[in-house]
């Protein structure tokens, strides 16, 4: 299943919950986002992590079970006939997750893990690599090249902010055109760019009031796609609720972003 964003002239959207919390929740979010994106002619990829491996505390929620969550992702894919994306964290997960999803995502902290990139590449799936908070945009060409050299040219790169001190992330928008020069689609991860990690409470914070600002800037500089985690009730989300977009705010935001996209074409 392809992401045919080039045919629309629009940006594409990766959106969904941080982690799969249950079937009804996943299907409801996918249905609502799909209704909006179809109206606005935005190619849509449903996002949901089947398991969260990188958590601040050992007692943080990690998932409902790998197989159960992956089956829910496949049900979203088959029910709405849309591509789906999920994270993988270890080499053994690549082949397993590839049976259920269309895009394998490499988390930012793992973007230099050669064995993981090669395992993802060998599945033949699209590989979306998040830029490490510690890497320059220029360095991502070597990360992407590992996937290509393993026989897979279906690569996407995602900007998600650069570490600024201990508690903040900053998006350098120059990185988007810089990474586009490598010949791969570049996505801006809006919500993770607004995380405030390493809080003394052990719970990651966020700045959701800045989502619209960061999204507008990303589209204005020509990002090919946007990544937005969204939930009907972020305040009770089991992961990353502090930086999510409330689902009922998504349509109004996307309407504004489509207008910006039209203006720069």
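Numbering (our numbering), first residue to last: -3 to 261. We put the CB at the ideal spot given by N, CA and C, even for glycine.
Quick one: what does DSSP say residue i is sitting in, helix, strand or coil?
i	result
residue 171	helix
residue 272	Since the first residue shown for the chain is -3 and the last is 261, residue 272 is missing from the structure and cannot be characterised.
residue 221	strand
residue 102	strand
residue 267	For the chain, the structure presents residues -3 to 261; residue 267 sits outside this window and is missing.
Could you give the distance in angstroms between the alpha-carbon of residue i and the alpha-carbon of residue j?
i	j	result
residue 10	residue 244	16 Å
residue 22	residue 257	28 Å
residue 213	residue 70	33 Å
residue 215	residue 7	8 Å
residue 224	residue 186	6 Å
residue 229	residue 65	20 Å
Please name the residue in the options whose C-alpha comes closest to that of residue i.
i	options	result
residue 19	5, 255 and 59	59
residue 118	203, 134, 106 and 99	99
residue 250	12, 106, 33 and -1	33
residue 189	169, 228 and 82	169
residue 27	41, 15 and 14	41
residue 44	108, 103 and 130	103
residue 191	165, 136 and 210	165
residue 136	105, 221 and 161	105
residue 182	142, 125 and 144	125
Using C-beta distances below 7 Å, list every residue in its chain close to residue i, excluding the 5 sequence neighbours before and after it, in chain order.
i	result
residue 173	217 and 218
residue 91	119
In terms of DSSP beta bridges, what is residue i paired with?
i	result
residue 234	Answer by DSSP bridge pairing: none, since residue 234 is not bridged.
residue 242	227
residue 126	154
residue 160	164
residue 80	42
residue 185	223
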